[in-house]
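A.B. asks: Residue numbers (the working numbering), protein chains in the order written: chain D, 141 to 392; chain C, 135 to 522; chain F, 9 to 377; chain L, 119 to 348; chain S, 38 to 332. By construction, the Cβ of each residue, glycine as well, lies at the ideal position given by its N, Cα and C atoms. Provided herewith is a single structure, encoded as structure tokens, for subsequent inquiry.
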Amino acid sequence: MTAGGLSIRGLRVVFDGFVAVDGVDLDVAPGDIRFLIGPNGAGKTTLVDAVTGLVKASGSVRFGETELLGRDVHRIARLGVGRTFQTAALFEELTVLQNLDIAAGAGRGPWTMLRTRRAVPDDVAFALEAIGLAGRRDTLAGTLAHGQKQWLEIGMLLVQNARLLLLDEPVAGMSHEEREATGELLGKIAADRTVVVIEHDMDFLRRFARTVTVLHAGKVLSEGTVAQVQADPKVQEVYLGHAAAESEAVEA
Amino acid sequence: AKTGENETAGGVTADTSGDTVKVGLLNSLSGTMAISEVTVRDAILLAVEEINAAGGVLGKKIEPISEDGASDWPTFAEKAEKLIKVDRVAAVFGCWTSASRKAVKPVFEENKALLFYPVQYEGLEQSPYIFYTGATTNQQIVPGLDYLKAQGKKSVYLVGSDYVFPRTANKIIKAYAEANGLKVLGEDYAPLGSTEFGTIVNKVKTAKADAVFNTLNGDSNVAFFKEYKSAGLTAAAMPVVSVSIAEEEVKSIGTQYLAGQLTAWNYYQTTTGPANDKFVKAYKAKYGADKPTSDPMEAAYTAVYLWKAMVEKAGSFEVEKVKGASDGVTFEAPEGLVTVDGATQHIHKTARIGKIGDDGLITEVWNSGSPVKPDPYLKGYPWATGLS
Amino acid sequence: MKALTEMNPRLRAWLGFGLGALVLFAAAPALLSDFRLSLLAKYLCFAIVAVGIGLAWGRGGLLTLGQGVFFGLGGYAMAMHLKLADAGPGNMPDFMELYGQLDELPAWWAPFANPAFALAATVLLPMLVAFGLGTLVFRRRVRGAYFAILSQALAAAMVILLIGQQGTTGGTNGLTDIDGFFGYDLDDPVNQRMVYFIIAAVLLGLLALTRQLMRSRYGELLVAVRDSEERVRFLGYNPANVKLVAYVVAAGMAGLAGALFVPAVGIISPALIGIVPSIEFVIGVAVGGRAALLGPVLGAVAVAWAKTALSERFPGTWTYLQGAMFVLVVAFLPGGLASLWGMVRRRRETPPAPAPVTGDQALIKEVAV
Amino acid sequence: MLRIEKVHAGYGRSTVLHGVDVTVDDGSVTAVLGHNGAGKSTLLRAAIGLLKPRQGMVLFGGEDVTKLAPHERVARGMAYVPQGQQCFPHLTTLENLQLVADGRRGGKEALASALDLFPALNGLLRRRAGLLSGGQRQQLAIARALITRPKLLLLDEPTEGIQPNVVAEIEQAVLSLAGRDGLSVLLVEQHLGFALRAAHRYHVLESGRVTSTGAGGTAAEPAVRAALTV
Amino acid sequence: MTVILGQLFTGVSIGAVLLLIALGLALTFGQMNVINMAHGEFIMAGAYTTYVLQQTITDAGVSLLVAIPIAFAVAGAMGVLLEWALIRRLYTRPLDTLLVTWGVSLMLQQLARDIFGAPNVQTKAPDILTESTSLGGDVSIANSRLFILGLVVLAVVALTAALKLTPLGRRIRAVVQNRDLAAVSGIPTGSVDRLTFFIGSGLAGVAGVALTLLGPIGPTMGTNIIIDAFLVVVVGGIGQLKGSVIVAFTLGMLQAMVEYLTTLSVAKVIVFVAIVAFLQWRPQGLFTLRTRSLA
Ligand SMILES: Nc1ncnc2c1ncn2[C@@H]1O[C@H](COP(=O)(O)OP(=O)(O)OP(=O)(O)O)[C@@H](O)[C@H]1O
Ligand SMILES: Nc1ncnc2c1ncn2[C@@H]1O[C@H](COP(=O)(O)OP(=O)(O)OP(=O)(O)O)[C@@H](O)[C@H]1O
Ligand SMILES: NC(N)=O
Ligand SMILES: [Mg+2]
Ligand SMILES: [Mg+2]
């Protein structure tokens, strides 16, 4: 039932003369977990912004058969494209449960909307467990710690039932074990979805990436498996750093 | 048990059981109209004090109860009802703008209670429960126009605030103008409280009328006259006749801007006669030597005395009896002798045109000689048929 | 007290409504004189407006400083009908004959002679205007202080418009001297009482409706939109529509309140719909507690009652007291009077509960981030 | 340099820190480690004065600063880089830096040397900070803190969102500043490798209590991991 | 032709007055997000300051000039008091400042009534400012309006300089954008707030002095103009001084032109419609600063 992959052609984003994304071609097959890496300011977040309709872009972004460019943010979301944000964006004055319930409900009809939620929907209950916040169901999201907020964001994607997930640094600020758990969760999710993850954590990348694309200055610098990319001297030059690359290689 | 406020349906009788009789004072003590109405309340209080010092009315001291209309017409209605139903006053004195009067009129009629309204107004009204102690149109506006005509003015420009009184007054002025060969070169309104008159003055200036007839009320006058002077327009070349600027307003605008301009009223602080000497002296003694007296203050002061005279003539505080006794009641007022016209419940008043002097006082340049009979519907003026 | 807080919310709601009905329908009429009861009727009209503001502002973060406009539309629609009914078929209302230069009724007045049309218009007209304006404004993402100031300007513009059309709207006077209500004589205290009961019933009904809206998923979504409009968009909702619903519902309530105000007080005028009354509506809500269901009702009645009581007792100085009340409650009791109840309750027990909701976080983010 | 003594702190009616003691010696790096929600950020907020402790004291250079406002603590030589890539979004990158350099003796030089540390910022000086990428903002945040030439630097997950080679540079910079200029650092960090390489001492924080402490260095890693998994 | 010139100048001078009032708001509202409804009463305070000064300094010209700095200080001090007593508790809920300061404005009006009496008071303008300067033919412009135009230009220049050339501008903006971050960056946020409020309120006082040349001096003089001034700041783009400048003069012109052809009421309504239409095009005002953050 895979909905088809993500296919980007000639994507360009320009801000007042500054070219943030400069002709990117990118294909992510369904079931893949693609990691998007690259130096700070390479254009990774901007690329996701373009796909989800937050910034104007030229070129073409197709998800399955559907062209996404030019559509409103909420329409793109309804096509099954979900994302998280680099700095968590939650409804701070709603509880964890309410955050999830809202994420689950974009397709609800007016009648359902006007009624009170009587029970916790199954998918929400599942997500609460999956993100380990079942115990804090009724906590206001604004009072969660940084890492907990990241989890809640992922939970919202789960219940949103997105077919294409775009995660912007989902494990930043998480401890090692939490990263592991998150990675495993992603693995499960990816079975019938298309997942794109932006990350700077190389350990995490090595553990969970299936394929990797490296962006640099708005362009694709390198693409391939984890090993291929790590070995690429251009990537080491602009991103990994020689010392880091060596020490990490030793650790790995 | 109800909260101790007894009342009977349709017509509350005043509570005169004690040794005092209550009257209501209904004026804006806050909001944009407070600048004018507070002085009216002061004048009413002066009259009350004098009457009490002289023994009261029918042996009872007057107990004034003041309420704030807050420059807000529905509030006037609420407070009027409160004075009538809760305080059970024998009469209410107050209101300034016609809009506030229109708002309280049904309240007084429904409850068969008395209002004494002390400000010049647009006429075309005659409520059985209101006594009008300020001028109606034939006692102020028509004489003002007659005066302009006599001065040889051929054209006027009309400037007014955007509410009932100026709009209705201007309707009357236009009817008059048509019948008397006076050209109306323009007509402009500014919302009450508006203080931006650049455009209106520019229009007036380019229209090159012989005179301006001004029915602006309140704050707007200050801005209008400052703009007028700054535009190089003078009283000599293009005089302004105002019907809502009295001594109090002159004081707050400044003679710098006003000297030489005309006003139409029934009373000035400079009006001669022993009654006025006494009034001015008493007022200044109570409120300060720098406080001027003015027409609406005088009309309010007079209203209290007229009510006293009617009550004494009727021998009762009962509204219907007081009304019944009203016709022909007189009072030697600061403006001269005034007489109540029982049929219209307006009063006979002397019309006066005055010129604003450098000292901030207004001196009379013309008067009607004797009190003019009130004619709120202008029935005695052929040109006015069809106005009401 | 503890028992009450642990009670099933449904049961508690029923009890609450029962108590409210008892106070409004039994206690107040028994204890208050006709004059005070008619004042209460007026306060309850303000309370109806407040319930709508509580929804739009307290829950939706839409600080609408122009509710007077909708109140006025409802009020004028009703008053036009009553004036026409007073005048009788084929006649013009008294003020038009007096000030208008018109020979016949303006075309836009004519439909209001029909009672069904007029009644429907009292609610639908404000909703329609709110829908039009809201569509424009929310779709273009005008919000926060922009929306507040804009809605305030709307109130100012509406007043100027009404005042400028004296011949057909009554100008500054408004429409006064209304003494019939669908065949009943409003001078009769019995009929005045009936009007009071209608208003009280409408208020209770709207409270029930609003309670459901607030507790529904829509209510949660509305808060979500207040907190982070953009985030909601990424979940596949169109936040403009979410806001629009709250705004239109609030406008409808204000219109209904205006319509009921007319028979209760007998006048509708620009003075009731301009900037000052519009702000006072909102202050009532803030004083009572904007996010609570009953807060706005409590606040609207308290503020209006205080205005009457203070100005009666201290005609020369009451504005100090009123101003001080606004300042103290809003600045030092952000949750309003309704939060006092919560504070008392918390002092007795001490389970951790979420911090009080303070409302306009959205603006901070928008302007300051 | 910094002594946090028996600090209890929290938000509203919930208490997050339950009597935490942490000391940072002159010229040393102390790391605070712990799970999400353990209270690490809360501890730093209490140290800089954004949060008033309910009990306990904060001593800086021997002086009790518990009652001082944040800017007064900064004036005494503390600096703080909050979690979450914070900046003044409508100010340009340069203005974000100038803001701190204004009126400070040697501010200009400090600004220049901060830019040397993060050369990527040089190309972004005229861009408004709100438009920067997450990592760029984080670099800006660290640079801003360094301009005050602090004696004590409070860093809340400074490497979050920063590309690997720059992380390495930050690590170098922190170590060299601590070594050369006598800078003391209180570091909250999830990146264990970095934290332990840099730190002379570590504290593990759990549910608002210090559950284990020890000397830094990569050798401590197994012990820390063990402390964290319980 | 003379009419058009006259109206052009009227438009400019309406704009100048609007701008003079909006300048202070551009700081307190535009920079600090405080919707200060008592701004009008600070204007009133400036006007009454002129009045009080004239009781001792009888020369109209001297007293007017002396009034400008003194009114600035008086209104500024009132602003500081307000900020210290109330506003500083409200920075986390900016929209509430509107409601609180509304209460303050009610009290200040009543205070003025109790101190100076309910009726308006009068100040004497220097004679030259009650006259007009002829531009040849029938066209003349009021000296008072010219004076105000000059005052506005001066105020805009001074304010721009203060904000651009001193660290103050940066600090003010930084404090509003992220209060906590500003504090931990070493900025004494409290003092910056108070200073900003002092200048913003002080400008209201200066506007009050200028308004004595044009309109009434009384307890409610501040209430009428204030809404228009807020619109200027909003439409100009919150936080954008140049936006306020452009918008003030544009609205002044629009109003003058439409009013000439129709009436004051119609002009006001049309100005409002134009504003709504404008915000359709630019929902955040003429000049906006976008960031990438959500919400
Ligand atoms: N609206 C904008 N206007 C101008 N420049 C922008 C805008 N948005 C982004 N940029 C610039 O575009 C570049 C790409 O930013 P982007 O956020 O996509 O980087 P990134 O790859 O996500 O970096 P990071 O790893 O630090 O998050 C950056 O240099 C940023 O400053
Ligand atoms: N503003 C706040 N209001 C209420 N509770 C809060 C607030 N900020 C944090 N908390 C709570 O305090 C606890 C500690 O949070 P803190 O941010 O200190 O954790 P942390 O250790 O820094 O976590 P992380 O590694 O995720 O950043 C968490 O449970 C969080 O929910
Ligand atoms: N009657 C008046 N002046 O309104
Ligand atoms: Mg990014
Ligand atoms: Mg943290």
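In its own chain, which residues sit with a C-beta less than 6 Å from the C-beta of Q479/C, not counting the 5 before and 5 after it?
C.D. replies: F265, listed in sequence order.
A.B. asks: Quick one: what's got a C-beta closer than 6 Å to A217/D's C-beta in the same chain, skipping five residues either side?
C.D. replies: Closer than 6 Å at the Cβ level, and outside the excluded window around A217/D, lies no residue.
A.B. asks: Does the beta carbon of Q160/F come closer than 8 Å to any beta carbon on chain S?
C.D. replies: So, interface residue.
A.B. asks: Compute every distance between the C-beta of N157/S and the non-hydrogen atoms of ligand 3, then say whether any falls below 7 Å.
C.D. replies: Every heavy atom of ligand 3 is 7 Å or more from the Cβ of N157/S, so no.
A.B. asks: What does D182/L pair with, by DSSP beta-bridge criteria?
C.D. replies: Paired residues: L177/L.
A.B. asks: How long is the line joining the alpha carbons of K339/C and T389/C, rounded to whole angstroms?
C.D. replies: One C-alpha to the other measures close to 21 Å.
A.B. asks: Which residues in the same chain as I287/F place their Cβ atom closer than 7 Å to its Cβ, once the five residues preceding and following it in sequence are excluded?
C.D. replies: L73.
A.B. asks: With distances taken between CB atoms, is the gap from L258/L to L301/L smaller than 8 Å?
C.D. replies: No.
A.B. asks: Measuring from the CB of V253/C, is there a heavy atom of ligand 3 at a distance below 7 Å?
C.D. replies: Yes; taking the cut-off as 7 Å, the Cβ of V253/C has a heavy atom of ligand 3 nearer than that.
A.B. asks: Should T325/S go down as buried or exposed, given a rule of 16 or more other Cβ atoms within 10 Å for buried?
C.D. replies: The residue in question, T325/S, is exposed, as its Cβ has fewer than 16 Cβ neighbours within 10 Å.
A.B. asks: With 8 Å set as the bound, which would you pick, yes or no: does the beta-carbon of A187/L sit closer than that to a beta-carbon of chain S?
C.D. replies: Chain S contact via Cβ: present.
A.B. asks: Just the chain F side, please: which residues come within less than 8 Å of L187/D by C-beta, in chain order?
C.D. replies: Result: empty, since nearest Cβ-Cβ is about 16 Å, beyond 8 Å.
A.B. asks: Would you tell me roughly how many angstroms separate the C-alpha atoms of W291/D and V192/L, rounded to the nearest one?
C.D. replies: So the alpha carbons of these two residues sit roughly 34 Å apart.
A.B. asks: Is S251/L near ligand 1 - that is, is its Cβ less than 7 Å away from at least one heavy atom of it?
C.D. replies: Indeed, a heavy atom of ligand 1 lies less than 7 Å from the Cβ.
A.B. asks: Does chain S have any CB closer than 8 Å to the CB of I260/L?
C.D. replies: False, the Cβ-Cβ gap to chain S never drops below 8 Å.
A.B. asks: By Cβ distance, which residues of its chain are closer than 7 Å to A338/L, with the 5 residues on each side in sequence left out?
C.D. replies: Within the same chain, A338/L has close Cβ partners L314, Y320, G332.
A.B. asks: Would DSSP call Y297/S helix, strand or coil?
C.D. replies: Correct three-state label for Y297/S: helix.
A.B. asks: Taking DSSP as the reference, what is the three-state secondary structure of S362/D?
C.D. replies: Strand.
A.B. asks: For S294/L, go through chain D and note every residue whose CB falls closer than 7 Å to its CB, in chain order.
C.D. replies: Going along chain D, no residue has its Cβ under 7 Å from S294/L, so there is no contact; the nearest lies around 15 Å.
A.B. asks: Within 8 Å, do at least three Cβ pairs link the region 76-88 of chain S to the region 209-223 of chain S?
C.D. replies: With a cut-off of 8 Å, the region 76-88 of chain S and the region 209-223 of chain S do not count as touching, because too few Cβ pairs lie within range.
A.B. asks: One question on the structure: do L159/C and V172/C come within less than 8 Å of each other, judged by their Cβ atoms?
C.D. replies: Against a cut-off of 8 Å, the Cβ pair of V172/C and L159/C comes out as no contact.
A.B. asks: Opposite G128/L in the DSSP bridges: which residues?
C.D. replies: According to DSSP, G128/L bridges with T133/L.
A.B. asks: 8 Å is my cut-off, CB to CB: does S245/D come that close to chain F?
C.D. replies: The residue you asked about is not Ser; residue 245/D is Gly in the sequence shown. So yes, G245/D belongs to the interface.
A.B. asks: Do you know offhand how far L282/C's Cα is from A303/C's?
C.D. replies: Cα-Cα distance, rounded: 16 Å.
A.B. asks: Could you confirm whether any beta carbon from chain B is found closer than 8 Å to the beta carbon of T327/F?
C.D. replies: Included in the structure are the protein chains D, C, F, L and S, with no chain B among them.
A.B. asks: Counting by C-beta, which residues lie closer than 5 Å to a heavy atom of ligand 2, in chain order?
C.D. replies: Checking every Cβ against the heavy atoms of ligand 2 under 5 Å gives T283/D, L284/D, A285/D, H286/D, G287/D, Y129/L, V134/L, N154/L, G155/L, A156/L, G157/L, K158/L, S159/L, T160/L.
A.B. asks: Identify whether T210/L lies in helix, strand or coil by the three-state DSSP scheme.
C.D. replies: It is a strand residue.
A.B. asks: With three or more C-beta pairs closer than 8 Å as the rule, is the region 170-177 of chain F touching the region 220-233 of chain F?
C.D. replies: In short, these stretches do not touch, since the Cβ pair count stays below three.
A.B. asks: In whole angstroms, what separates the C-alpha of K360/C from that of T167/S?
C.D. replies: In a straight line, the C-alpha of K360/C is about 7 Å away from that of T167/S.
A.B. asks: Where do the N-terminal and C-terminal ends of the beta strand (DSSP E) with L379/D fall, by residue?
C.D. replies: It is worth fixing the name first, because residue 379/D is Tyr in this sequence and not Leu. Y379/D -> no beta strand (DSSP E), and no H or E assigned at all.
A.B. asks: Name the two residues that bound the continuous beta strand (DSSP E) containing V335/D.
C.D. replies: From DSSP, the beta strand (DSSP E) with V335/D extends over 334-338.
A.B. asks: Helix, strand or coil: which one does DSSP assign to I280/L?
C.D. replies: Coil.
A.B. asks: Do we get a CB-CB distance below 8 Å when we pair E309/D with the residues of chain L?
C.D. replies: With 8 Å as the cut-off, E309/D counts as an interface residue toward chain L.
A.B. asks: Applying a beta-carbon distance threshold of less than 8 Å, which residues of chain S neighbour H208/L?
C.D. replies: Within chain S, the residues near H208/L are R210, Q214, G276, L326, T328.
A.B. asks: So V322/L and G152/L are in contact, right, with Cβ under 8 Å, and what is the actual spacing, rounded?
C.D. replies: Indeed, because the Cβ distance is near 6 Å, the residues count as touching under 8 Å.
A.B. asks: By the three-class DSSP mapping on this structure, what secondary structure does T87/S have?
C.D. replies: Note: T87/S maps to helix in three-state DSSP.
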